[in-house]
Every structure is written in C-alpha cells, then in structure tokens.
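Number of protein chains: 2
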Amino acid sequence: MKFGEHIKQLREQNHLLQRQLANALDMDTAMLSKIERGERRAKKEHIPLLASLLHANERELFTIWLADQIYEIIKEESNPSEILQVVEKEIKIAKPYNL
Amino acid sequence: MKFGEHIKQLREQNHLLQRQLANALDMDTAMLSKIERGERRAKKEHIPLLASLLHANERELFTIWLADQIYEIIKEESNPSEILQVVEKEIKIAKPYNL
DNA sequence: TATTGACTTGTCAAATTTTGTCTAATATAT
DNA sequence: ATATATTAGACAAAATTTGACAAGTCAATA
Chain R
1 MKFGEHIKQL REQNHLLQRQ LANALDMDTA MLSKIERGER RAKKEHIPLL
51 ASLLHANERE LFTIWLADQI YEIIKEESNP SEILQVVEKE IKIAKPYNL
Chain P
1 MKFGEHIKQL REQNHLLQRQ LANALDMDTA MLSKIERGER RAKKEHIPLL
51 ASLLHANERE LFTIWLADQI YEIIKEESNP SEILQVVEKE IKIAKPYNL
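Protein chains in written order, with the UniProt record's numbering: chain R, 1 to 99; chain P, 1 to 99.
Structure (structure tokens):
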C-alpha cells in the first residue's frame, strides 16, 4: 500500500475529513489531497503527528513513507527487484555483522 | 559497491586519469572526484558514455546507479531490509503476473 | 626544496526542483 | 440552487542541486 493510500484509509477509518486532518497538520486540504494521491510527499516531520492522529504505529508509518520514496525511484524500471537486491547487498557490506 | 567507487575502479582498470575521463564527460576533475567519492551524483545521461569509455555494461552500470540512490535513502535507518521488503511487496502488487 | 601532476576541498551563484497557497473546478448530496 | 468534500491548475517562494572556479593537499622527483 502506497503511503498516500494508507493515510487516506486510516483517515477514513478514523472518520476524519481531509479538512480536519489537514487543519491538524497545518496545511490546506489541497495539499493533503495531493499527499493522499501521491502527487506530493508528506514531510518527515508530519509522520509523528499523523501516527498520533490516525492511531497508527509511527515506526510502521515511517517505514511505509520511506518505502514509497524508493518505490518512486524504481517503479518504471524493468528490473526493480534486481535493483533492490543490489541495495541489499550493499547494506550487508556496510553492516556485516548485523550490528 | 557504491556507484562512485565502481566508476573509480573501472577508470583505474582502464588506465585513465580523472582528468581524461572528466574531459570526455565534459566536466572538470573536481566534479568527477566528487562523483567518485559519492559526494555528487552522476547524471543519468552520463551513464551510456561512462559505460562506453570504461568498457562496462551500460545496463549494469545504470542498475548500480539506481541502487546507489536507494541506498542513500535507507543507509542510516535501523531497518533497511524491512523497508526494502515493503517496496518489494508494492512491486508485486503493481506487477502481479511479472509482466 | 621547488616543481609538477593527480586529486580533493570549499565556496558560490545559477539552475532546477519542491513546496505551499490560492483560486477555480468537480462531484455529490440536500 | 446551495453546501460540503475533494481535486486540479497555476504560481511564486523556498529549498536543493548543479557546475564552475580557485585554492588546497599529497606524493613523486628533479
């Protein structure tokens, strides 16, 4: 689930309108609408508040937020999994003993 | 292997100086130096020429170039593999029959 | 030690991208 | 028609990236 869709789903589960959530996040509804549709990216600083307001796990939300950014990079590529494998390999080199 | 290190290694294997490669890429050596050390990112358009000049596989080089960008996003995170897994899952949703 | 060559570092403005806001447009229900 | 919710488009401000330059380090060697 992409970040924006996830936010939208949580927002609806919590019976909040874009107007209400946007207000709590100090942005206008146009902005939140764009975030939900993936047209714009939420700021990192928004995540704790989003998690709190939407009764979601902050760490999980942050993970999805990061994953979404990565997805944006490779979604058009023909070999996305191969690319991710190269990244995984690099991680293992950098953290050889899983410290 | 990070993109810059990879380029440097290939450059040395091909007995080229930064000056020479930089010139062929129409940039100054300072720029190439930064690219090799990962301080700056090569442009996508540079990759075909790099592959050609360094006798490397263009597609592979491009994969490493993309992987490097992703690595930059998650390298500081405590759960990089988990994040990549979320991305992998999203890919499978988008391309369910491996088209 | 002075010079040369290879590479690195720091700084800066220009160029590009991202961001937030505003206004207007849709859509749906009353 | 009116009201409410959401989306779309346009725009400047803000932030980031980029490329270029000058000056720096370092090693080899004359």
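C-beta: ideal position from N, C-alpha, C; glycine also.
*Neighbour-count burial assignment, alanine 67/P, 16 or more Cβ in a 10 Å radius*: buried
*CB-CB under 6 Å to isoleucine 74/P, same chain, minus the five flanking residues each way: which ones, in chain order?*
Pro80, Ile83
*Would you say the stretch 10-25 of chain P touches the stretch 43-55 of chain P, given that touching needs at least three Cβ pairs under 8 Å?*
yes
*How many angstroms separate the CA atom of arginine 40/P from the CA atom of leucine 32/P?*
Cα-Cα distance, rounded: 8 Å.
*For alanine 42/R, which three-state DSSP category applies?*
Correct three-state label for alanine 42/R: coil.
*asked:* Against chain R, which members of the stretch 68-90 of chain P pass a CB distance test of less than 9 Å?
replied: Within the stretch 68-90 of chain P, the residues whose Cβ lies closer than 9 Å to some Cβ of chain R are Asp68, Gln69, Ile70, Tyr71, Ile73, Ile74, Lys75, Glu77, Asn79, Pro80, Ser81, Glu82, Ile83, Leu84, Gln85, Val86, Val87, Glu88, Lys89, Glu90, listed in chain order.
*Please determine, among Ala24/R, Gly38/R, Arg19/R, Met27/R, the residue with the shortest C-alpha to C-alpha distance to glutamate 5/R.*
Gly38/R
*Should lysine 7/P be labelled buried (16 or more other beta-carbon atoms within 10 Å of its own) or exposed?*
Just to set this straight, residue 7/P is isoleucine in the shown sequence, not lysine. Its Cβ being crowded by 16 or more others within 10 Å, isoleucine 7/P is buried.
*Measure the Cβ-Cβ separation of isoleucine 70/P and isoleucine 64/R and say whether it is below 8 Å.*
no
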